[in-house]
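If you read the sequences in order, they're chains E and A.
Residue 523 in this note's numbering sits at position 510 of the first sequence; the count goes up by one each step and never skips.
Residue 847 in this note's numbering sits at position 179 of the second sequence; the count goes up by one each step and never skips.
Since the structure comes first, as structure tokens, the remarks are kept for the end.
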Amino acid sequence: MFSIGELFSFEPLLSYEILAGWAGRDHVFKMELFLAINLQQIDLVNLLECIDSTPAGLLLYGSSCPILGPQVNELADIKKVPVLYCSSEDAPSQIRDLYPVIAELSKSGKLYQFAQNAIYSFMRGKDPSALCSFLQRRLNNPVVVFNNVFQEIYSGFQEENGPKALGDRIPENFMEYCCRQERDQWEDDSFAEGSRHNILLFEDDQKLSYIMMPLSDQGYRYGFLAVFEQNSPISTLDMIYLESGKKILLEQLIQRRNLDSIENKHKADFIYDLLYNNFESKQEIINRGKYWGFDLSSPHQLFVLEPDSAEETRSLQELMDKIQMIACDALRLAHCQPIIGQIQDQIVLIIPEKSFREHTINKDTSFSLASSLHKKLKTYLPAVSFAIGIGRFYHSILDLSRSFQEAKISLELGKIIYDKNHIAHFEDLGIVRLLASIDFIQLEEFYREYLTEVIIYDQQNEGNLLETLLLYFKYNGDVNVIAQKMFIHPNSLRYRLKKIEELTLTDLRNYEDMLNLFIACKIAVMKEKFEK
Amino acid sequence: MKIVYHKNAITAKMVKKKRCVVIGKNDAIDMPKQLGFLIDLNKCIGCHSCEFACKNENRLEEISFRRVLDLKQRGNVFAYLSLACNHCANPQCIRVCPEKCFRKLRNGIVLYDYVRCDGCQRCIGACPFKVPKYDPFTKKVNKCNLCYKRIRQGLKPACVSACIPEALQIINFNEPLPANCKKTIPSFAFIPLTNPSVRFLLPKETICFWLEDKEE
Chain E
14 MFSIGELFSF EPLLSYEILA GWAGRDHVFK MELFLAINLQ QIDLVNLLEC IDSTPAGLLL
74 YGSSCPILGP QVNELADIKK VPVLYCSSED APSQIRDLYP VIAELSKSGK LYQFAQNAIY
134 SFMRGKDPSA LCSFLQRRLN NPVVVFNNVF QEIYSGFQEE NGPKALGDRI PENFMEYCCR
194 QERDQWEDDS FAEGSRHNIL LFEDDQKLSY IMMPLSDQGY RYGFLAVFEQ NSPISTLDMI
254 YLESGKKILL EQLIQRRNLD SIENKHKADF IYDLLYNNFE SKQEIINRGK YWGFDLSSPH
314 QLFVLEPDSA EETRSLQELM DKIQMIACDA LRLAHCQPII GQIQDQIVLI IPEKSFREHT
374 INKDTSFSLA SSLHKKLKTY LPAVSFAIGI GRFYHSILDL SRSFQEAKIS LELGKIIYDK
434 NHIAHFEDLG IVRLLASIDF IQLEEFYREY LTEVIIYDQQ NEGNLLETLL LYFKYNGDVN
494 VIAQKMFIHP NSLRYRLKKI EELTLTDLRN YEDMLNLFIA CKIAVMKEKF EK
Chain A
669 MKIVYHKNAI TAKMVKKKRC VVIGKNDAID MPKQLGFLID LNKCIGCHSC EFACKNENRL
729 EEISFRRVLD LKQRGNVFAY LSLACNHCAN PQCIRVCPEK CFRKLRNGIV LYDYVRCDGC
789 QRCIGACPFK VPKYDPFTKK VNKCNLCYKR IRQGLKPACV SACIPEALQI INFNEPLPAN
849 CKKTIPSFAF IPLTNPSVRF LLPKETICFW LEDKEE
């Protein structure tokens, strides 16, 4: 006793084309009920009659592949009668020959073991798209290959065959949903690299379960093989197909990554030369850019992005690859065609002027684009902190090296001024930009001159005068707001400010005193962050 | 169409966070070089050989790219520090030069193009280490190029070759660095701005046997 699906998992029957009714593949195969029809001897009406008589299955053979039409397909699907096609005239005899062998294997319980070998050798050598199409037909369910940030890279749907990838069943935010789920599962140690059975729940309470199989090798995740249980549940035999498909896909993805890494190495060298002023002229940059498909004749805006990977993922390179893919996707949605490169542990994004709103780049437009990118990255990689540095915009492509250095300074000094997840524009750095270029001993001297008494007072009395002063400058001297933030009465705050004035021998209403104290506070913050 | 996050889809709550970071095999190969100096303050005896070797190599008369400083503590010299260009990761000279005289090679060397320079001296002001030097004779700025021609030939820079006690070494910052080396020393500029390619091996604390007696 074995099913139609099991019989057709062996060579040469594996190469038979499934035309319709594959939902009936689990029906027990009966030789006497299986119809083999020569295409030259039958017309459409007879075919409908044949299907209507609910045979175990229907094999069409003959030199040319038939176009059955919707009527036949529909009937075969309703009646769950598998309709297969083979061009060889020997097809019926092939089935007859294989039947006793499969029956024997089924009896001895070794059917799946042999089927696995047959399926693997048959699928080997197929390219990923063809493999997905084959798996989709065999599993009677949509099959999609995602990259490691859940962007679809291959699917079993051929565009000319109608709806692309599950039609509108894969929701727009599926990528975000999967990333969130992956993080939950990754945080759980008990969840290994095995396949995961998940359920998608739609707003209309409809459910769609799917299996997500990670494609990983040596700690690097290349992507996922997913099958959605849209038409029929996944059987043991389907899992054999999937396991074999997974192995072959992984081999191909590794090969592709190796090839890509060579290309990326040369691309990274070009970007390095561009950013470190290693070209002689503008024309040379434009000409060399053309080799990589970059239009460098127009001005560009530059961002530098740095992740803090301490919290996340196994491989730093995997994280960097993920960020590049997400950034590329996010900017493409914003109609940008960015040049993305990795320089050490930072990612450089070079965005053409024409990608910006109304084709104008200023501090606001750059900042809003960086914010949307930051938001997108945080959605997909919530455990990772991202800092973005923005350089000034220059009209000449030759000044990209200058913009790059400015973006890097913004990033580094942003770590001192802001929190971990910051976006810093070079023009917003203010006085810190100047302070950073002064010898630290001199800075410390200045800071001690003004704040030593305050610090000593705080240490001796367990006070928080320094914190009060920092908040005083942060909230522009608004006593009510500061008192609220510090959970104290405004009069207590006034007393503290008076005490600060006494200790530092300054007057907070005097601009010069205020400026000196402000700079001393900035240095205090810089010192604290730097020492950390 | 929006997704409602399904409770059953979450297999388990957060139990532990994985904190290991493994860099793949290919990563190390693909990394570019970043050459820089490792200065061992224990070994430097202040002989100025590096300074003279640099002057000789670059045929300098008025100026010197390398300088040896005395590090003092309580009025006494406790170490010597030999400094030249630090070939920073974020070179400020590249940012400010209007003539684009500076560029950074793929091995990390910040190279200076003497021909383009118009002597505006902006680079001197921008460099926190005041590395570029103005030559009053040529009326142009000049700076250490890490003897890139010698490096191309597989030789060490002149200063490193001339250092007899081997206090001055050239290292690749993208390879593992000595465990006890420090990024900065007290008299150094604020480093996060430029991220200089220099590391220090600090002098060990000297034991003054007679001090103990004196205290007693």
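For glycine and all other residues, C-beta sits at the position ideal for the given N, C-alpha and C.
Owing to the predicted nature of the structure, the values given are computational and were not obtained by experimental measurement.
* Would you mind reading off the limits of the alpha helix (DSSP H) that contains TYR393(E)? => 376-393
* To do: Tell me whether GLN84(E) sits in a helix, a strand or coil according to DSSP, three-state version.
  => DSSP places GLN84(E) within a helical segment (H, G or I) once states are collapsed to three.
* To do: Step through the CB atoms of chain E and report whether any lies within less than 8 Å of the CB of SER855(A).
  => yes
* In angstroms, rounded to a whole number, what distance separates the CA positions of LYS681(A) and LEU386(E)? -> With a pLDDT of only 32 at LYS681(A), under 50, the local geometry of the prediction cannot be trusted, and the value read off the model is given with reservation. About 28 Å.
* To do: State the Cα-Cα distance for the pair LEU315(E) and LYS367(E), rounded to the nearest angstrom.
  => Just so you know, the alpha carbons of LEU315(E) and LYS367(E) end up roughly 13 Å apart.
* Asked: For GLU419(E), which residues in chain A fall below 7 Å Cβ to Cβ?
  -> Per Cβ cutoff of 7 Å: ARG763.
* Quick one: residues in its chain with C-beta nearer than 6 Å to the C-beta of SER77(E), no 5 flanking neighbours on either side, listed in chain order? => none
* Asked: Which two residues bound the contiguous beta strand (DSSP E) that contains LYS872(A)?
  -> That residue, LYS872(A), is in no beta strand (DSSP E); it is neither H nor E in DSSP.
* Asked: So LEU318(E) and ILE298(E) are in contact, right, with Cβ under 8 Å, and what is the actual spacing, rounded?
  -> Not a contact, Cβ separation roughly 22 Å.
* To do: Spell out whether any CB of chain E is found under 8 Å from the CB atom of ASN758(A).
  => yes
* Asked: How many angstroms separate the CA atom of PHE460(E) from the CA atom of VAL538(E)?
  -> The residue you asked about is not Phe; residue 460(E) is Tyr in the sequence shown. Spanning the two alpha carbons is a distance of roughly 10 Å.
* At 9 Å on the CB atoms, spell out the chain E contacts of ARG774(A), in chain order. => ASP282, TYR285, ASP286, TYR289 and ASN291
* Within 10 angstroms of its Cβ, does LEU250(E) collect 16 or more other Cβ (buried), or is it exposed? -> buried
* Asked: Given 8 Å as the limit, is there contact between the region 752-766 of chain A and the region 782-792 of chain A, that is, 3 or more CB pairs closer than that?
  -> yes
* So ILE261(E) packs on LEU144(E), CB below 8 Å; how close in whole Å? -> By a beta-carbon distance limit of 8 Å, ILE261(E) contacts LEU144(E). Their separation comes to about 6 Å.
* To do: State the beta-bridge partners of GLU30(E) as determined by DSSP.
  => TYR98(E)
* Smallest Cα separation from HIS438(E): which of LYS92(E), GLN418(E), TYR508(E) and TRP35(E)? -> Comparing alpha carbon positions, the residue from LYS92(E), GLN418(E), TYR508(E) and TRP35(E) closest to HIS438(E) is GLN418(E).
* Could you tell me if the beta carbon of PRO395(E) falls within a distance shorter than 7 Å of some heavy atom in the ligand GDP? => Among the components of this structure there are no ligands whatsoever, and the ligand GDP is therefore not found.
* Compute the Euclidean distance between the alpha carbons of ALA847(A) and LYS701(A), then round it to the nearest angstrom. => Cα atoms of ALA847(A) and LYS701(A): separation of roughly 19 Å, rounded to the nearest angstrom.
* Asked: Is there contact here, the region 345-360 of chain E with the region 328-335 of chain E, by at least three beta-carbon pairs under 8 Å?
  -> yes
* Helix, strand or coil for ASP202(E), going by three-state DSSP, please let me know. => Caution is warranted here: a pLDDT of 43 is assigned to ASP202(E), below 50, making its placement in the model unreliable, and the coordinate value is therefore given only provisionally. The answer is coil: DSSP assigns ASP202(E) none of H, G, I, E or B.
* Asked: When DSSP labels each residue in this structure, what does LYS511(E) get in the three-state scheme?
  -> DSSP, read as helix, strand or coil, puts LYS511(E) in helix.
* **Extent of the continuous alpha helix (DSSP H) run through LEU266(E)** => 249-288
* Within the same chain, show all residues whose beta-carbon is closer than 6 Å to that of ILE853(A), passing over the 5 residues directly before and after it, in chain order. => PHE868
* Asked: By how many angstroms is the C-alpha of ASN160(E) removed from the C-alpha of ALA239(E)?
  -> 11 Å
* **Proximal residues of chain A, C-beta to C-beta of GLU544(E) below 7 Å** => Under the 7 Å cutoff, chain A gives no residues; its nearest Cβ is about 11 Å from GLU544(E).
* Below 8 Å on the Cβ atoms is my guess for LEU124(E) versus LEU97(E); work out the distance and round it to an integer in Å. => Contact flag wrong, Cβ pair sits at about 19 Å.
* Taking the Cβ atom as the reference point for each residue, do ALA343(E) and ILE360(E) lie within a distance shorter than 8 Å? -> no
* Asked: How about ILE253(E): is its C-beta nearer than 8 Å to some C-beta of chain A?
  -> no
* Find out if the Cβ-Cβ distance for the pair CYS912(A), CYS718(A) is shorter than 8 Å. => Here chain A covers residues 669 to 884 and nothing more, so residue 912(A) does not appear.
* Asked: From what residue to what residue does the beta strand (DSSP E) around PRO105(E) run?
  -> Not the beta strand (DSSP E): PRO105(E) falls in the alpha helix (DSSP H), residues 104-121.
* Opening and closing residue of the beta strand (DSSP E) in which GLU165(E) lies -> 165-168
* **For LEU266(E), the nearest candidate out of TYR233(E), LYS220(E), ASN59(E) and PHE283(E) (CA to CA)** => TYR233(E)
* Asked: Residues of chain E with a CB under 8 Å from the CB of LYS768(A): which are they?
  -> Going along chain E in sequence order, the residues near LYS768(A) (Cβ under 8 Å) are ASN290, LEU411 and SER414.
* Could you tell me whether the Cβ of PHE453(E) comes closer than 8 Å to any Cβ of chain A? => yes
* Would you please verify whether the beta carbon of ILE444(E) is less than 8 Å from any beta carbon of chain A? => Not one chain A Cβ lies under 8 Å of ILE444(E).
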